[in-house]
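Participant: Using numbering that gives the first Met the number 0, read the sequence shown as starting at 0 and increasing by one per residue.
Even glycine gets a Cβ: it sits at the ideal position worked out from N, Cα and C.
Since the model is a prediction, treat every value here as computed from it, not as a measurement.
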Amino acid sequence: MRATELKEYNPIAEFFARIGFGAREIVTAREIAEQELEDSKIALLNAERDKEAATCEVEKLKMCVRRLEGTLRDNRSGG
0 MRATELKEYN PIAEFFARIG FGAREIVTAR EIAEQELEDS KIALLNAERD KEAATCEVEK
60 LKMCVRRLEG TLRDNRSGG
């Protein structure tokens with residue numbers, strides 16, 4: 000390889016060219032991967048929000064159970 004060829008040599012592009020992917024397919028694959036990454040980030044944020052909401056509901060239920068246990072104790076003791 001001459002110096003000018005070596006300077007322009009891109010092993011990744013060479014690999015994709017050998018398996019039949021051209022520049023357009025590589026750009027399309029990259030765009031798809033970027034969109035999937037964004038979708039995954041959004042799904043993660045939604046899952047974190049849902050987890051926070053569920054945690055809040057669990058805490059509310061725990062308080063409710065404690066209150067009911069107290070009421071039950073009071074009723075058993077005749078209070």
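Going straight from the alpha carbon of N74 to that of C63, what length do you get?
Facilitator: Approximately 16 Å, taken between the alpha carbons.
Participant: Rounded to the nearest angstrom, what separates G19 and N9 at their Cα positions?
Facilitator: The straight-line gap from Cα to Cα measures roughly 15 Å.
Participant: Taking only three categories from DSSP, how would you classify I31?
Facilitator: Helix at I31.
Participant: May I ask which residues mark the beginning and end of the alpha helix (DSSP H) holding I11?
Facilitator: I11 -> alpha helix (DSSP H) spans P10 to R17.
Participant: Could you tell me the distance, in whole angstroms, from the CA atom of L44 to the CA atom of S76?
Facilitator: Rounded to the nearest angstrom, the two C-alpha atoms are 48 Å apart.
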